[in-house]
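Residues in the sequence shown are numbered consecutively from 14, following the working numbering.
Ideal Cβ placement from N, Cα and C applies to all residues, glycine included.
Fair warning: this is a prediction, and the values are worked out from it, not measured in the lab.
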Amino acid sequence: MSVNKVILVGNVGKDPEVKYLDNGVAVANFSLATSETYNNKNGEKVTQTEWHNIVVWRKLAEITETYIKKGMQIYVEGQIRTRSWEDKDGVKRYTTEILGSTIQMLGRKNENGSEAQTTNAEPQSASAESPKADETDDLPF
């Protein structure tokens, strides 16, 4: 068994770039900054920022285009993907991206007074059954 799951909370580095493919499928790309602050051996405060390339598809890309803006703090859940291509000189290049499946806007209420929202790339079906109340499990807590 293997798991490829990423959870990031950070600030959007630029407004999403959204493209629509020939078949009408939307894809959005944007950068996300996560920062860690610590004191070095001299007691000086140091902030280390990591930049992540986020890619979302279909309905999540369309929602991203409307609601996600530079500077916003968001939660992103997804998978790490590395892809390769050849540049114009025939040199093989690689990039690592986060293929986002869930985005949640964090922070203050926005100007229209609505709360932060959670959006999934594949929302659960309305007909999904929940566990029955009388079923028990083996977990000790």
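{"Check": "Does the stretch 51-61 come close enough to the stretch 69-77 to have 3 or more Cβ pairs within less than 8 angstroms?", "Outcome": "no"}
{"Check": "Could you pull out every residue in the same chain whose Cβ sits closer than 7 angstroms to the Cβ of Tyr51, ignoring the five residues on either side in sequence?", "Outcome": "Val59"}
{"Check": "In or out: Thr77 buried (at least 16 other Cβ within 10 Å) or exposed?", "Outcome": "buried"}
{"Check": "Find out if the Cβ-Cβ distance for the pair Leu21, Ile111 is shorter than 9 angstroms.", "Outcome": "yes"}
{"Check": "Restricting to Cα atoms, I'd like to know which of Lys82, Thr109 and Val104 is closest to Ile93.", "Outcome": "Thr109"}
{"Check": "Using a 10 Å radius around the Cβ and a threshold of 16 neighbouring Cβ atoms, would you call Leu119 buried or exposed?", "Outcome": "exposed"}
{"Check": "Please state whether the Cβ-Cβ distance between Asp28 and Lys105 is less than 9 angstroms.", "Outcome": "no"}
{"Check": "Just confirm the distance between the C-beta atoms of Val31 and Ala41, as a whole number of angstroms; I'd bet it's less than 8 angstroms.", "Outcome": "5 angstroms"}
{"Check": "What are the boundary residues of the beta strand (DSSP E) that includes Ile76?", "Outcome": "That residue, Ile76, is in no beta strand (DSSP E); its alpha helix (DSSP H) goes Arg71 to Tyr80."}
{"Check": "Suppose the cutoff is 7 angstroms on Cβ atoms and the five residues either side in sequence are ignored; what does the same chain contact list for Val25 look like?", "Outcome": "Phe43, Leu45, Ile81, Lys82, Lys83, Gly84, Met85 and Ile87"}
{"Check": "Rounded to a whole number of angstroms, what is the C-alpha to C-alpha distance between Ser114 and Lys18?", "Outcome": "10 angstroms"}
{"Check": "Would you decide whether Gly56 is buried or exposed? Buried here means 16 or more other CB atoms lie within 10 Å of its CB.", "Outcome": "exposed"}
{"Check": "Please report how far the alpha carbon of Glu75 lies from the alpha carbon of Ala39, in whole angstroms.", "Outcome": "6 angstroms"}
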